[in-house]
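**Q** Same order as they appear, the protein sequences are chains A and B.
Going by this note's numbering, the letters in the first sequence line up with residues 294 to 425, in that order.
Going by this note's numbering, the letters in the second sequence line up with residues -7 to 177, in that order.
All C-beta atoms, glycine included, are put in the ideal place defined by N, C-alpha and C.
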Amino acid sequence: MTLQGVLDAIAAVCMVTGALLSLAAGVALLRFPDLLSRMHAAAKPQVLGLLLVLTGCAIRIATVVDVTTMVLIAFFQLATAPVAAHMVGRAAYRDGQTRTDLLITDELAPQMDRFSERPAERNGRASVDPPA
Amino acid sequence: MSPLTKRERIRSRITAVIGLVLVWNLLWGEFTWMNTISGAVIAVAILLVFPLPPVKFGGRLRPLHVIGFFARFFYDLVVASFQVAFLAFRPGEPKSAIVAVELRVKSDLNMTLVAEAVSLVPGSLIAEADQQTGTLYIHMLGVRDAEHLERLRAEVLHVEARLIRAIGSDEELRRVNAPREEPAT
């Protein structure tokens, strides 16, 4: 087999695996019972699926201009997907959208009052009260 | 947290400019002087209009451990992806749990990076973060029983330890390596 053939095979495997993982992420989004579980699907198989598809593309296209763009896409995907999942999950939890019957334990619930009020103090600024 | 000295603030800003110039070059697709100069102008403009919060970086890079961290991270990402994919096609609803994990190094940078890494490794997602106590509240998916839960909890601390070994300062490294006292219940 020629080198080009080997590269094509690797690219094909990457792309198909990536596509299947994205499919699995889609199925998981539909099937998982509550929002927090679904965010797992949005954060993990989807990210790896995208990385694999990008790797496949990079092997096939292999021009500097396109590969640098793909590197950027991969980097920002890795950096932002967890943040997005966290923000959505956090809002959902505060809004009581969690299926508590599926939780084995919940160590956040007793702490929740710490997060609801005192927004200024969490920034470490309002330790001094204005004079009454 | 102590405020940054002037020198640290300048260093933090220079790092930001270098990062933005790099992104600009990558967006254009090639490294040229033209791209670098125009990127630098735009980076300075961006930092003037949207000043970034200063990040305190007191550690030093240990290249071998950085490679180790990323190798383990990508391995974990693959495991996590196939685990979630497997759960997606399995009948029944997966059980989960929310646990509190108190990090040993409470800097903003460490908390952010651990949270990012933990979100992409098997079974965990950040539900809430407490900056003051350095505690991450982590939603774990596919938890089987209490013993499994403790393993996952330990895994988060391992992620933190690997990260600190890669980029932490000596003092932080000592704190991570110190034997962990059992919490009194």
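#1: Would you give the residue range spanned by the alpha helix (DSSP H) that Leu345 of chain A belongs to?
#2: Would you mind working out which of A:Ala385, A:Leu347, A:Thr393 and A:Leu395 sits nearest Ala178 of chain B, comparing C-alpha positions?
#3: Against chain A, which members of the stretch 129 to 159 of chain B pass a CB distance test of less than 8 Å?
#4: Starting from Met332 of chain A, find everything on chain B with Cβ-Cβ shorter than 7 Å and list it in chain order.
#5: Take Ser99 of chain B as the anchor and find which of B:Ala77, B:Gln75 and B:Thr127 has the nearest alpha-carbon.
#6: For Glu94 of chain B, does the count of other Cβ atoms within 10 angstroms reach 16, so buried, or fall short, so exposed?
#7: Relative to the alpha-carbon of Ser30 of chain B, which residue among B:Trp16, B:Phe42 and B:Leu69 has its alpha-carbon at the smallest distance?
#8: Is Glu164 of chain B helix, strand or coil by DSSP?
#9: Which partner residues of Met132 of chain B appear in the DSSP bridge assignment?
#10: Using 10 angstroms around the beta-carbon of Thr348 of chain A, count the other beta-carbons present and answer buried if the total reaches 16, otherwise exposed.
#11: Quick one, which residues of the stretch 359 to 379 of chain A are near chain B if we go by CB-CB under 8 Å, in chain order?
#12: Drop a sphere of 10 angstroms on the beta-carbon of Asp137 of chain B, count the other beta-carbons inside from all chains shown, and report buried for 16 or more, exposed for fewer.
#13: Helix, strand or coil for Leu40 of chain B? Go by DSSP, reduced to three states.
#14: Can you name the residues of chain B whose CB is closer than 9 Å to the CB of Thr426 of chain A?
#15: When you compare the stretch 302 to 315 of chain A with the stretch 51 to 66 of chain B, are there three or more beta-carbon pairs, one atom per stretch, that lie closer than 8 Å?
#16: Can you tell me which of the three DSSP states Leu53 of chain B falls into?
#17: Give the single residue among B:Asp162, B:Val135 and B:Phe42 whose Cα lies nearest to the Cα of Leu395 of chain A.
#18: My assumption, with CB atoms under 8 Å, is that Phe61 of chain B sits in contact with Ala146 of chain B. Please give the rounded CB distance.
#19: How should His150 of chain B be labelled, buried or exposed, when 16 other C-beta atoms within 10 angstroms of its C-beta is the threshold for buried?
#20: Any beta-carbon of chain B closer than 8 Å to the one on Ala336 of chain A?
#21: Return the chain-ordered list of same chain residues with a C-beta closer than 6 Å to the C-beta of Pro424 of chain A, the five sequence neighbours on each side being excluded.
#22: Using the Cβ count rule (16 or more neighbours within 10 Å means buried), how would you classify Met26 of chain B?
#23: Is Ala121 of chain B helix, strand or coil when you go by DSSP?
#24: My understanding is that Leu341 of chain A touches Leu314 of chain A, with C-beta atoms under 8 Å, so please give their C-beta distance in whole angstroms.
#25: Please list the residues of the stretch 12 to 36 of chain B that have a C-beta atom closer than 7 Å to any C-beta atom in chain A, keeping them in chain order.
**A** If we stick to the structure as given:
#1: Pro338 to Ile354
#2: As displayed, chain B neither begins before -7 nor continues past 177, which places residue 178 of chain B out of reach and without an answer.
#3: Cβ contacts with chain A: Tyr129, His131, Leu133, Val135, Asp137, Ala138 and Leu141.
#4: Leu117
#5: B:Thr127
#6: Per the 10 Å Cβ criterion, exposed.
#7: From the listed residues B:Trp16, B:Phe42 and B:Leu69, the smallest Cα separation to Ser30 of chain B is found for B:Trp16.
#8: helix
#9: B:Ala89 and B:Ser116
#10: buried
#11: Asp359, Thr361, Thr362, Val364, Leu365, Leu371, Ala372, Ala374, Pro375, Val376, Ala378 and His379
#12: exposed
#13: In the three-state DSSP reduction, Leu40 of chain B falls in the helix class (H, G or I).
#14: Absent from the model: residue 426 of chain A. The displayed extent of chain A is 294 to 425, so no value can be given.
#15: no
#16: Of the three classes helix, strand and coil, the one that applies to Leu53 of chain B here is coil, per DSSP.
#17: B:Val135
#18: Contact flag wrong, Cβ pair sits at about 17 Å.
#19: exposed
#20: yes
#21: Here the model assigns Pro424 of chain A a pLDDT of 45, short of 50, so the residue's position is not dependable, and the following value carries that caveat. Correct list: empty, nothing qualifies.
#22: exposed
#23: strand
#24: Leu314 of chain A and Leu341 of chain A do touch by the CB rule: their CB atoms are close to 6 Å apart, below 8 Å.
#25: Val15, Leu18, Leu19, Gly21 and Glu22
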